[in-house]
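A quick write-up on the structure given underneath.
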Amino acid sequence: MAHYDGTDAAVGDFGYSKFGDDRLREECGVFGVFGHPDAAALTALGLHALQHRGQEAAGIVTYDGQQFHSERRLGLVGDNFNDAGVIGRLKGSMAIGHNRYSTTGEPALKNVQPLYADIDTGGFAVGHNGNLTNALTLRRELISSGAIFPSTSDTEVILHLLSRSKKRRMVDRFVEAIRQIEGAYALVALTNDMMIAARDPIGIRPLVLGRLDGATIFASETCALDMVGAEFVREVENGEVVVVTKDGIESHRPFPRRPARPCIFEYIYFARPDSVIGGRSVYDIRKQMGVQLAIESKPDADVIVPIPDSGVPAAIGFSQQSGIPFELGIIRNHYIGRTFIEPEQRIRALGVKLKHSANAGVIRGKRIVLIDDSVVRGTTSKKIVELMYDAGASEVHMRISSPPITHPDYYGIDTPRKKDLLAANMDIEAMRQFMGADSLAFLSVDGIYRSVGFDQRDPRAPQFTDHCFTGEYPTELVDQNGTGFRQLSLLAEVV
Ligand code: AMP
Numbered sequence: 090m091a092h093y094d095g096t097d098a099a100v101g102d103f104g105y106s107k108f109g110d111d112r113l114r115e116e117c118g119v120f121g122v123f124g125h126p127d128a129a130a131l132t133a134l135g136l137h138a139l140q141h142r143g144q145e146a147a148g149i150v151t152y153d154g155q156q157f158h159s160e161r162r163l164g165l166v167g168d169n170f171n172d173a174g175v176i177g178r179l180k181g182s183m184a185i186g187h188n189r190y191s192t193t194g195e196p197a198l199k200n201v202q203p204l205y206a207d208i209d210t211g212g213f214a215v216g217h218n219g220n221l222t223n224a225l226t227l228r229r230e231l232i233s234s235g236a237i238f239p240s241t242s243d244t245e246v247i248l249h250l251l252s253r254s255k256k257r258r259m260v261d262r263f264v265e266a267i268r269q270i271e272g273a274y275a276l277v278a279l280t281n282d283m284m285i286a287a288r289d290p291i292g293i294r295p296l297v298l299g300r301l302d303g304a305t306i307f308a309s310e311t312c313a314l315d316m317v318g319a320e321f322v323r324e325v326e327n328g329e330v331v332v333v334t335k336d337g338i339e340s341h342r343p344f345p346r347r348p349a350r351p352c353i354f355e356y357i358y359f360a361r362p363d364s365v366i367g368g369r370s371v372y373d374i375r376k377q378m379g380v381q382l383a384i385e386s387k388p389d390a391d392v393i394v395p396i397p398d399s400g401v402p403a404a405i406g407f408s409q410q411s412g413i414p415f416e417l418g419i420i421r422n423h424y425i426g427r428t429f430i431e432p433e434q435r436i437r438a439l440g441v442k443l444k445h446s447a448n449a450g451v452i453r454g455k456r457i458v459l460i461d462d463s464v465v466r467g468t469t470s471k472k473i474v475e476l477m478y479d480a481g482a483s484e485v486h487m488r489i490s491s492p493p494i495t496h497p498d499y500y501g502i503d504t505p506r507k508k509d510l511l512a513a514n515m516d517i518e519a520m521r522q523f524m525g526a527d528s529l530a531f532l533s534v535d536g537i538y539r540s541v542g543f544d545q546r547d548p549r550a551p552q553f554t555d556h557c558f559t560g561e562y563p564t565e566l567v568d569q570n571g572t573g574f575r576q577l578s579l580l581a582e583v584v
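Using this note's numbering, you'd call the opening residue of the sequence shown number 90 and step up by one each time.
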């Protein structure tokens with residue numbers, strides 16, 4: 090789910106929070122429970138496990154057989170859904186929940202999911218992970234035919250399309266709506282008598298189905314099933330619509346069958362390492378990316394240092410493959426609050442190391458191999474290389490366990506525009522100089538596929554979408570129109 094607030098800040102800072110920190114906007118997480126007396130409490134726990142997919146806001150909608158209940162809050166799940174009062178108000182045995190990124194501030198509350206609408210069949214709530222690549226176009230069409238959009242979220246078009254459908258059965262309305270949308274979606278929806286889960290025709294974003302005490306659970310990742318003690322049953326397949334009612338589970342296939350193309354970046358960065366996607370442990374694959382990177386570009390060095398937390402599994406693999414010892418040469422402070430992220434420019438200029446500190450004892454006088462999973466703008470790498478030299482490193486070799494990100498993502502990651510992507514504007518040598526490292530190497534695209542366990546050239550191997558590295562986008566980019574960026578200016582007119 091993306092949103093467009095049409096403001097200068099959103100346009101200028103696109104891809105980054107307004108707080109001046111280095112975080113990119115992230116993805117979203119969805120969770121659903123059908124048929125459990127503790128539906129809301131389980132959903133809060135599931136969302137907590139999916140917190141890494143979006144930290145700006147969270148929401149839960151439940152249905153108790155008579156009424157829908159909704160709590161949507163800005164901030165972390167644990168800070169908002171931890172008291173019995175909130176959970177107690179979310180009555181019912183059916184619940185869906187959503188974690189999101191967003192810019193913050195009161196106006197953003199209108200975009201916090203699950204989105205809810207009363208339509209002529211009753212209530213309908215939906216949570217969305219992904220991003221629709223024709224939402225702006227649909228939104229303009231809907232507005233010109235009289236629709237009013239309270240939110241500025243791409244997801245809202247789904248509610249409008251569903252509401253306008255003339256089909257009688259809810260599942261047919263839902264299918265009619267999703268046939269009109271393009272892009273990436275893992276959806277969990279709730280009505281008066283059913284839960285619907287769906288993945289886009291190529292399954293770009295993950296979604297799994299689990300079971301707990303006879304209840305059906307949906308979650309973006311298996312780590313959320315583990316959190317509530319649910320058993321993993323299977324993934325919701327690409328192009329599948331799963332409908333759960335009191336009579337059981339039905340699977341619908343409204344799209345022509347196509348091979349799945351899940352996003353490779355889930356393995357590289359997004360998913361939690363303890364999740365299993367496509368039958369493969371994310372942790373094992375990240376470690377393997379480190380192994381592969383060491384095979385491709387091992388420097389002479391004394392110690393492997395991960396940039397925590399994202400570089401840790403690859404650094405372990407790199408160390409195992411290269412025989413160079415692994416050390417925690419950087420300590421990450423996990424408790425940076427907003428207050429510290431917004432310090433005065435004066436304080437920032439002092440170079441306060443808010444997030445990472447050097448563990449000087451393992452750095453001083455050593456040739457360091459720094460490992461991270463990805464380079465987006467290059468800010469993190471540049472800062473950490475400097476940190477290593479300040480701590481007395483004699484050489485710093487930067488190794489990245491994914492290929493250079495040369496193209497923006499339009500499927501829910503919100504990487505910055507091309508002009509802000511370091512690798513879209515510099516070759517490897519220029520990036521090395523920018524970072525100030527002694528050497529720099531990235532894992533090859535081939536290496537990524539090998540790490541996932543396939544030879545990319547094998548036509549029988551499962552495919553992924555790797556558009557960030559190759560520019561090969563797997564769906565139509567209707568709104569982007571080849572400009573390389575979504576048309577925010579259009580929304581500035583209509584919002
Ligand atoms: P940058 O500093 O802009 O080069 O960003 C790279 C750092 O951000 C790496 O440490 C990655 O682990 C992390 N990263 C990569 N993609 C994302 C994302 N979409 N959201 C948040 N962090 C990310």
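We put the beta carbon where it would ideally sit given N, CA and C, even for glycine.
All values derive from a computational prediction rather than experimental measurement.
| Item | Value |
| --- | --- |
| Cβ-based neighbour list, residue 336, same chain, cut-off 6 Å, excluding 5 preceding and 5 following | none |
| Beta-carbon spacing of residue 159, residue 357 below 7 Å | no |
| DSSP-derived helix/strand/coil call for residue 413 | coil |
| Where residue 313 sits in the DSSP three-state scheme | helix |
| Between the CA atoms of residue 338 and residue 183 - distance to the nearest angstrom | 14 Å |
| Cβ contact (3+ pairs, closer than 8 Å) linking the stretch 213-228 and the stretch 268-280 | yes |
| Minimum C-alpha distance to residue 331 - residue among 546, 566, 121 | 121 |
| Separation of residue 476 from residue 148, as counted between CA atoms | 39 Å |
| First through last residue of the alpha helix (DSSP H) which encompasses residue 137 | 128-138 |
| Residue from 507, 199, 557 with nearest C-alpha to residue 354 | 557 |
| Beta strand (DSSP E) segment containing residue 186, residue limits | 183-189 |
| C-beta contact flag for residue 136 and residue 174 at 7 Å | no |
| Neighbour-count burial assignment, residue 320, 16 or more Cβ in a 10 Å radius | exposed |
| Residue range of the beta strand (DSSP E) that includes residue 141 | Looking at the DSSP string, residue 141 is not in any beta strand (DSSP E), and its letter there is neither H nor E. |
| Bounding residues of the beta strand (DSSP E) (the contiguous stretch that carries residue 527) | It is not in any beta strand (DSSP E) - residue 527 carries neither H nor E in the DSSP assignment. |
| Alpha-carbon to alpha-carbon, residue 368 and residue 361 | 14 Å |
| Identified DSSP bridge partners for residue 204 | 215 |
| Nearest residue (CA-CA) to residue 227, options 212, 215, 214, 243 | 243 |
| CB of residue 123 within 7 Å of CB of residue 284, strictly | yes |
| Outcome for residue 225 when other beta-carbon atoms lying within 10 angstroms are tallied against a minimum of 16 | buried |
| Where the beta strand (DSSP E) containing residue 450 begins and where it ends | Unbroken run through residue 450 is the alpha helix (DSSP H), 449-452; no beta strand (DSSP E). |
| Cβ pair residue 399, residue 420 closer than 7 Å | no |
| Where the alpha helix (DSSP H) through residue 245 begins and ends | 245-253 |
| Coil, strand or helix - residue 195 by DSSP | Unreliable positioning characterises residue 195 in this predicted model, as indicated by a pLDDT of 44, which lies under 50. The coordinate reading is nonetheless provided below. Residue 195 falls in the helix class under three-state DSSP. |
| For residue 112, three-class secondary structure by DSSP | Since pLDDT at residue 112 reaches only 44, below the 50 mark, its modelled position is unreliable, and no value is offered. |
| Residue 458 beta carbon less than 7 Å from that of residue 396 | no |
| Identity of the residues DSSP links to residue 238 by a beta bridge | Looking at the DSSP assignment, residue 238 forms no beta bridge with any residue, so it has no partner. |
| For residue 97, three-class secondary structure by DSSP | Here residue 97 scores only 27 on pLDDT, less than 50, and its place in the model should not be relied on; the value that follows carries that caveat. If DSSP states are grouped into helix, strand and coil, residue 97 belongs with the helices. |
| Where residue 424 falls, given that 16 or more other Cβ within 10 Å makes a residue buried | exposed |
| Contacting residues, own chain, Cβ-Cβ under 7 Å from residue 195 (five flanking each side not counted) | Low confidence applies to residue 195: its pLDDT is 44, below 50, so where it sits in the model is not reliable, and the reading given next is rough at best. Correct list: empty, nothing qualifies. |
| Residue 559 CB to nearest heavy atom of the ligand AMP below 6 Å | no |
| Contacts around residue 417, its chain only, beta-carbon distance under 7 Å, and the 5 residues preceding and following it disregarded | 448 |
| heavy atom of the ligand AMP below 6 Å from residue 132 C-beta | no |
| Element boundaries [alpha helix (DSSP H), containing residue 175] | 173-178 |
| Minimum length 3: unbroken beta strand (DSSP E) runs contained in the stretch 259-345 | 272-280, 284-288, 297-301, 304-308, 320-324, 330-334, 337-341 |
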